[in-house]
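There are 2 protein chains.
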Amino acid sequence: MFERRKTRTVEVGNVKMGSGHPVVIQSMTKTDTADAALTAGQIRLLEKAGCEIVRLSVKDMRSAEAVEDIKKETTIPMVADIHFDHKLALEAIRRGADKIRINPGNMQKEQDVAEVIDAAKEKKIPIRVGINSGSLLEKVTGKTATADAMVASLVKYLEYFRKRDFNDIVVSLKASDVKTTVEAYRKASDECDYPFHLGVTAAGPPRDGVVRSSVGIGTLLMEGIGDTIRVSLTGDPVEEVDTAKRILSSTGSRRFGPDVISCPTCGRCQVDLISLVEELEKRLSADTGADLTIAVMGCEVNGPGEAKAADIGIAFGKGKGAIFKQGKIVKTVDASCAIDELLAMIGKEQEREL
Amino acid sequence: MFERRKTRTVEVGNVKMGSGHPVVIQSMTKTDTADAALTAGQIRLLEKAGCEIVRLSVKDMRSAEAVEDIKKETTIPMVADIHFDHKLALEAIRRGADKIRINPGNMQKEQDVAEVIDAAKEKKIPIRVGINSGSLLEKVTGKTATADAMVASLVKYLEYFRKRDFNDIVVSLKASDVKTTVEAYRKASDECDYPFHLGVTAAGPPRDGVVRSSVGIGTLLMEGIGDTIRVSLTGDPVEEVDTAKRILSSTGSRRFGPDVISCPTCGRCQVDLISLVEELEKRLSADTGADLTIAVMGCEVNGPGEAKAADIGIAFGKGKGAIFKQGKIVKTVDASCAIDELLAMIGKEQEREL
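If you're matching them up, the sequences are chains A and B in order. Heads up, the first sequence is in the working numbering, so the first residue is 675 and it goes up one at a time. Heads up, the second sequence is in the working numbering, so the first residue is 675 and it goes up one at a time.
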């Protein structure tokens, strides 16, 4: 349905990003970076949840120095997020950061940026130019952070890099408004062939943040734009990674274990489908290897159709369900043992696929 | 940024839908429709949550008869969802349903559909032609529910209505796969000018369902497609309405009270921003009238910028925050009383707007 926007490939540690590679999941630590042990602990939790690249804030020299200690205790590539002071970027690079993120809005002096570029070039690490609606390059913007102002800020800033023949770049253009974000990325996609890091900035607490991120990031992924994503939530960063995986599954960009298709139920449903699906989800979560679609449907309207189309499905009637496998009914079971039966079948299915 | 797709206007009870009107929020009851008291109770909860049209399943004559009793106990327009048996549709129309939803996949006999059309015409109520990936019109589809098969099913079915000069139609084309859903609506938008009811069918339990619905419905709304939306979750229908409101806010389609913009926090943040935002959200939820954007930001990087751009904002530093109003700092406060101060200011703001 959509083709990925063609981009260069950029390597962050051992992770490749760009149109030739799967869309990469990022998150960011919320601990004090100078506390290396605490930060490394959060990174390990994020990695376990599926985070593939982690960013951390380097706000002072102690944080920059901690990069080296944190790297010893963790394995996924690390991005140092630097604002205002280019010396922090230079120190983070010396300490082994796998990538640097700088913000045109607060590192505006061309000579400072040039020093960062040269240091990154020497260490062969990429730089993310992270445009943000909350801070734009002064010389090109008016008072409001429109998509045009964001793209103008980007284009102007990229000149610094072009002059130094540096192309190991990732670009982001995050606004807190979803429409502005989408518009900015669309416009920027005509301006360069660098991989895009997608995100809606300051998306808010989880319930709003999940929806805003899904709409913004999802809309762009659905048109082939985006090479790495970061969901921002005012909450646990593990939830950011979880949401990122669900967005990538929804858009068909990647798979992370079984997909559960289940109906919302209605007056037709004669089993407690909500509880059954909750049980299935809970017991499934340990299995993440399978590429299966599992349908759990409450009645005979769309139940048989969806169950047939899935790898494994169940369509319930009055207290009983017909289990489908690869489009054929293989068993009729009581609702009370339906989840056990489905899981047993999923287990067999996984075996068969190995 | 986008223009709404031009459609006819359709009236469901006292609610108008189509490109000239705001996008309408729907949900569906999950109770046994034949139990009128129980169903009316759920409808009142949904209405309180912001549901503007409610659908209920009419699976037998007792349910069709209950439509009349339920209508007496509720105020929002009601859609009767009918499958298989056109006589149930005729009875629901007699009992005062404000709209009928039928499914080409299981009411295929043209004569049966014609009777429903004529009854709806006489009562001046609209019909939703609800295509679903789980059940398609047999004569036009292959084995898989592709977007093309769904649109072919629609086009073929619409002929029945055209022959009877009936245009009081709403169309939906829901698939359980997000990409197929988006593609089907896009293709169908060239085929007719009827309002579209958007949804991803069988989107699953809340965490997946919210993301899938946000991506699917959000992508379409962002290109101007969609006149009413229903979020399907295997869970509490009130959560469907809540998610629908957040999707409509994200896409800029509608507003429902204050928008909270808040940063995800990082190593820079020196206050417990997550708890502060949670407190703000909790205490704000009672106010739903305001059209304000409120920014709560954890540091000096994008904090002042986002706080300035919001109607009311706070950008925290070490233990203290600067409160912005209409772009200017009006006060510097301790984190411990920041939410009280923000709420007091929001209260004043609301007064000013009245």
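We put the CB at the ideal spot given by N, CA and C, even for glycine.
Leaving out the 5 sequence neighbours to the left and right, which residues in its chain are closer than 6 Å to B/Asp-786 when beta-carbon positions are compared? As a first step, residue 786 of chain B is located in the second sequence; it is residue number 112 there, counting from the start. Counting only Cβ-Cβ distances below 6 Å, and skipping sequence neighbours, we find His-760.
Mind listing, in chain order, the continuous alpha helix (DSSP H) runs of no fewer than 4 residues lying wholly within the segment 879 to 958 of chain A? 880 to 895, 911 to 924 and 947 to 958
Along chain A, in chain order, which residues have C-beta atoms closer than 8 Å to that of B/Ser-731? For the purposes of this step, residue 731 of chain B is taken as residue 57 along the second sequence, with counting starting at 1. The answer, in chain order, is Cys-940, Gly-941 and Arg-942.
Going along the chain, which unbroken runs of the beta strand (DSSP E) with 3 or more residues stay wholly within the segment 798 to 866 of chain B? 801 to 806 and 843 to 848
Whose Cβ in chain A lies nearer than 7 Å to the Cβ of B/Glu-952? Counting from one through the second sequence, the residue named residue 952 of chain B turns up at place 278. Per Cβ cutoff of 7 Å: Pro-879.
If you draw a straight line from the C-alpha of B/Ser-846 to the C-alpha of B/Lys-773, how long is it? The sequence position of residue 846 of chain B within the second sequence is 172, counting from 1. The sequence position of residue 773 of chain B within the second sequence is 99, counting from 1. Near 14 Å, if we compare the C-alpha coordinates of B/Lys-773 and B/Ser-846.
Going by C-alpha distance, which of B/Gly-926, B/Asp-864 and B/Asp-867 is nearest B/Ile-891? Translated into positions along the second sequence, residue 891 of chain B becomes position 217. Nearest C-alpha to B/Ile-891: B/Gly-926.
So who's on the other strand from A/Arg-775, going by DSSP bridges? Taking the first residue of the first sequence as position 1, residue 775 of chain A is located at position 101. Bridge partners of A/Arg-775: A/Asp-755 and A/Arg-802.
Who pairs with A/Ile-699 in a beta bridge, going by DSSP? Within the first sequence, the letter at position 25 stands for residue 699 of chain A. Paired residue(s): A/Ile-903.
Let me know the secondary structure DSSP gives B/Ser-731 once reduced to three states. The count along the second sequence starts at 1 and reaches residue 731 of chain B at position 57. Reduced to three states, the DSSP call for B/Ser-731 is strand.
With 7 Å as the limit, tell me which residues of the segment 698 to 728 of chain B have their beta carbon closer than that to any beta carbon of chain A; keep them in chain order. Met-702, Thr-703, Lys-704, Thr-705, Asp-706 and Thr-707
Any C-beta of chain A sitting closer than 9 Å to the C-beta of B/Glu-980? Stepping through the second sequence from its first residue, residue 980 of chain B is reached at position 306. Closer than 9 Å: yes.
Secondary structure at A/Ala-989, three-state DSSP: helix, strand or coil? What you label residue 989 of chain A is simply residue 315 of the first sequence in a count that begins at 1. Three-state result, A/Ala-989: strand.
Out of curiosity, what's the CA-to-CA distance linking A/Ala-754 and B/Gly-692? Mapped onto the first sequence, residue 754 of chain A falls at position 80. Mapped onto the second sequence, residue 692 of chain B falls at position 18. Looking at the two C-alpha atoms, the distance is approximately 48 Å.
Per DSSP, what kind of secondary structure is A/Ile-1003 in: helix, strand or coil? As a working mapping, residue 1003 of chain A is identified with position 329 in the first sequence. DSSP places A/Ile-1003 in strand when its eight states are reduced to three.
I want to see whether chain B comes within less than 9 Å of A/Ser-936, judged by CB atoms only; does it? Looking up residue 936 of chain A in the first sequence gives position 262. Yes, contact with chain B.
Assigned exposure category for B/Gly-963 - 16 Cβ within 10 Å defines buried: Stepping through the second sequence from its first residue, residue 963 of chain B is reached at position 289. Legend: pLDDT at B/Gly-963 = 49, less than 50; position of this residue unreliable, no value from coordinates given.
Note down, in chain order, every chain A residue with its Cβ under 7 Å from the Cβ of B/His-757. In the second sequence, residue 757 of chain B corresponds to position 83, counting from 1. Under the 7 Å cutoff, chain A gives Val-975.
Given this structure, state the Cα-to-Cα distance separating A/Glu-913 from A/Leu-907, to the nearest angstrom. Residue mapping note: residue 913 of chain A aligns to position 239 of the first sequence, counting from 1. Residue mapping note: residue 907 of chain A aligns to position 233 of the first sequence, counting from 1. So the alpha carbons of these two residues sit roughly 8 Å apart.
At the level of alpha carbons, what is the spacing between B/Leu-832 and B/Ala-858? Stepping through the second sequence from its first residue, residue 832 of chain B is reached at position 158. Stepping through the second sequence from its first residue, residue 858 of chain B is reached at position 184. Looking at the two C-alpha atoms, the distance is approximately 15 Å.
Put B/Gly-963 into one of helix, strand or coil per three-state DSSP. On the second sequence, residue 963 of chain B is found 289 positions in, with the first residue counted as 1. With a pLDDT of only 49 at B/Gly-963, under the threshold of 50, the placement of this residue in the model should not be trusted; the figure read from the coordinates follows. Coil.
Among B/Gln-1000, B/Val-1004, B/Ile-986 and B/Ile-1020, nearest to B/Leu-958 - alpha-carbon criterion: Counting from 1 along the second sequence, the entry for residue 958 of chain B is found at position 284. The shortest C-alpha separation from B/Leu-958 is found at B/Ile-1020.
Exposed or buried, what is B/Cys-1011 when buried is set at 16 or more other beta-carbons lying within 10 Å of its beta-carbon? Residue 1011 of chain B sits at position 337 when you count from the first residue of the second sequence. So B/Cys-1011 ends up on the exposed side.
Interface partners of B/Glu-685 on chain A, CB under 7 Å: Position 11 of the second sequence, counted from the first residue, corresponds to residue 685 of chain B. The contacting residues do not exist; B/Glu-685 stays about 24 Å from chain A at best.
Apply the 10 Å Cβ neighbour rule to A/Gly-900 and answer buried if 16 or more other Cβ atoms are within range, or exposed otherwise. Reading the first sequence from its first residue, position 226 is the one you call residue 900 of chain A. A/Gly-900 should be labelled buried.
Could you tell me whether the segment 821 to 830 of chain A touches the segment 994 to 1001 of chain B, using the rule of 3 or more Cβ pairs below 8 Å? no
Look up B/Ala-984 in the DSSP assignment and say whether it is helix, strand or coil. Taking the first residue of the second sequence as position 1, residue 984 of chain B is located at position 310. Of the three classes helix, strand and coil, the one that applies to B/Ala-984 here is coil, per DSSP.
A/Asn-688: buried (16+ other C-beta within 10 angstroms of its C-beta) or exposed? Residue 688 of chain A sits at position 14 when you count from the first residue of the first sequence. Answer is exposed; the Cβ neighbour count stays below 16.
Taking only heavy atoms of the ligand NAP into account, decide whether any of them is closer than 8 Å to the Cβ of A/Asp-772. With respect to small molecules bound, the structure shown includes none, and the ligand NAP cannot be examined in it.
Is the beta carbon of A/Cys-973 less than 9 Å from the beta carbon of A/Ala-989? Mapped onto the first sequence, residue 973 of chain A falls at position 299. Mapped onto the first sequence, residue 989 of chain A falls at position 315. Cβ atoms of A/Cys-973 and A/Ala-989: closer than 9 Å.
Chain-order list of residues whose beta-carbon lies under 8 Å from that of A/Ala-1009 (same chain, five-residue window excluded): Locating residue 1009 of chain A in the first sequence gives position 335, where the first residue counts as 1. Val-945, Asp-946, Leu-950, Phe-990, Gly-993, Lys-994 and Gly-995.
Amino acids of chain C, ordered along the chain, whose beta-carbon sits closer than 7 Å to that of B/Asp-882: You won't find chain C in this structure, because its protein chains are A and B.
Counted within 10 angstroms of its Cβ, other Cβ atoms place A/Gln-716 as buried (16 or more) or exposed: Residue mapping note: residue 716 of chain A aligns to position 42 of the first sequence, counting from 1. With 16 or more other Cβ atoms within 10 Å, it is buried.
Let's see if you can read the secondary structure: which residues bound the alpha helix (DSSP H) around B/Glu-721? Here residue 721 of chain B is taken as the residue at index 47 of the second sequence, counted from 1. 710 to 723 is the span of the alpha helix (DSSP H), which, as asked, contains B/Glu-721.
Quick one: list the residues of chain A neighbouring B/Ser-631, beta-carbon separation under 7 Å, in chain order. The structure shown does not extend to residue 631 of chain B, since chain B is modelled only from 675 through 1028, so no value can be given for it.
Neighbouring residues, chain A, relative to B/Val-845 (Cβ below 7 Å): As a position in the second sequence, residue 845 of chain B is number 171, starting the count at 1. Result: empty, since nearest Cβ-Cβ is about 17 Å, beyond 7 Å.
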